[in-house]
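Peer 1: A single structure is presented below for examination.
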Amino acid sequence: DIQMNQSPSSLSASLGDTITITCHASQNINVWLSWYQQKPGNIPKLLIYKASNLHTGVPSRFSGSGSGTGFTLTISSLQPEDIATYYCQQGQSYPWTFGGGTKLEIK
Amino acid sequence: DVQLQESGPGLVKPSQSLSLTCSVTGYSITSGYYWNWIRQFPGNKLEWMGYISYDGSNNYNPSLKNRISITRDTSKNQFFLKLNSVTTEDTATYYCATLYGNYFDYWGQGTTLTVSS
Chain W
22 DIQMNQSPSS
32 LSASLGDTIT
42 ITCHASQNIN
52 VWLSWYQQKP
62 GNIPKLLIYK
72 ASNLHTGVPS
82 RFSGSGSGTG
92 FTLTISSLQP
102 EDIATYYCQQ
112 GQSYPWTFGG
122 GTKLEIK
Chain C
493 DVQLQESGPG
503 LVKPSQSLSL
513 TCSVTGYSIT
523 SGYYWNWIRQ
533 FPGNKLEWMG
543 YISYDGSNNY
553 NPSLKNRISI
563 TRDTSKNQFF
573 LKLNSVTTED
583 TATYYCATLY
593 GNYFDYWGQG
603 TTLTVSS
C-alpha cells in the first residue's frame with residue numbers, strides 16, 4: 022500500500038495568515054492527490070483533486086500543488102470557517118489511502 | 493445532486509456480521525460512478541474499504557481480506573456493506589461515498605457503528 026504522511030499533525034494560525042500543509046507519498050503518485058476538509062462534527066468534503074484542481078464551490082484562497090511524492094495544500098487569508106482537519110488521499114493505485122490528517126486551529 | 497444516506501444497526505456484538513445500507517437519491521447507481529464504503533476510526537484515521545461499480549463489479553481493500561462484501565439492489569437504488577467476524581477494531585463511523593475517477597466527491601452523513609458485547 023502507498024503510505025501518505027501529512028505534516029504537521031496540528032497547526033495553530035491567526036486569521037488572515039497563509040498556512041501550508043504537506044503530504045508525502047511513499048512512492049510516486051504522479052498528480053493523483055486529493056485534499057479533503059472535515060469540519061468538527063461534519064463529513065469530509067472534497068477541496069482539491071488531481072493535486073491542484075479546485076472542486077466546485079471551493080474558495081480560491083485554497084490551492085494545491087505538487088507531483089510525484091510531495092504535495093502541499095495552501096490556505097491564504099485564513100478565515101474562521103477554515104477550522105477543520107485536512108486530509109490528503111492518493112488515487113494512484115488501490116487500495117486508496119489517506120494521510121493521517123492535519124488539525125487546523127485558529128489562535 | 494447525488495445524495496447518499498447510510499443506515500445501520502448502531503451496535504453489533506463481536507464475531508457477528510455488520511450490515512449497512514447506503515440509499516442513493518438524485519442519481520442511478522447503474523448510470524455511472526463507483527459506489528464506495530469508507531470508514532473513520534476513533535482518532536480520525538480514514539480507511540477505504542471497497543466499492544461496487546455502476547456495472548456491478550467490486551474492488552476491496554486487501555486489509556479486509558475475505559470479510560467484506562459489497563452488493564446492491566438496483567430496484568431500490570441502494571448498495572450494501574457486509575463485514576463478517578467483526579471485532580472491537582471495527583468500531584468506526586462508516587461513510588458511503590462516490591468515487592469519480594480517483595477522488596471521492598459525494599459523501600453520506602455517516603453512520604456510527606460500535607462493536608461491543
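In the order they appear, the protein sequences are chains W and C. Take the first sequence: its letters are residues 22 to 128, numbered as in this note's numbering. Take the second sequence: its letters are residues 493 to 609, numbered as in this note's numbering. Ideal placement from N, C-alpha and C gives every residue a C-beta, glycine not left out.
1. Of the residues C:Phe571, C:Ile560 and C:Pro554, which one's Cα is nearest the Cα of Ser545 of chain C?
2. Given a threshold of 16 other Cβ atoms within 10 Å of its Cβ, counted over all protein chains shown, does Asn553 of chain C qualify as buried or as exposed?
3. Alpha carbon to alpha carbon, what distance is there between Ile64 of chain W and Gln601 of chain C?
4. Which partner residues of Gln495 of chain C appear in the DSSP bridge assignment?
5. Taking Gln601 of chain C as the query, report the chain W residues whose CB atoms sit under 8 Å from its CB, ordered along the chain.
6. How about the stretch 568 to 588 of chain C and the stretch 108 to 124 of chain W: do they share at least three Cβ pairs that are nearer than 8 Å?
7. According to a CB-to-CB cut-off of less than 7 Å, which residues of the stretch 517 to 543 of chain C neighbour chain W?
8. Please check if any C-beta of chain C sits within less than 7 Å of the C-beta of Phe92 of chain W.
9. Let me know the secondary structure DSSP gives Leu503 of chain C once reduced to three states.
Peer 2: Here's the rundown:
1. Looking up residue 545 of chain C in the second sequence gives position 53. Comparing Cα-Cα distances from Ser545 of chain C to each of C:Phe571, C:Ile560 and C:Pro554, the minimum goes to C:Phe571.
2. Here the question's residue 553 of chain C lines up with position 61 in the second sequence. So Asn553 of chain C counts as buried.
3. Indexing the second sequence from 1 puts residue 601 of chain C at position 109. Indexing the first sequence from 1 puts residue 64 of chain W at position 43. Distance between the alpha carbons of Gln601 of chain C and Ile64 of chain W is about 6 Å.
4. Mapped onto the second sequence, residue 495 of chain C falls at position 3. The partner list for Gln495 of chain C (beta bridge, DSSP) reads C:Thr517.
5. As a first step, residue 601 of chain C must be located in the second sequence, where it is residue number 109. Those within 8 Å of Gln601 of chain C in chain W are Ile64.
6. no
7. Asn536, Lys537, Leu538 and Trp540
8. In the first sequence, counting from the first residue as 1, residue 92 of chain W sits at position 71. No, Phe92 of chain W does not count as interfacial toward chain C.
9. As a first step, residue 503 of chain C is located in the second sequence; it is residue number 11 there, counting from the start. Strand.
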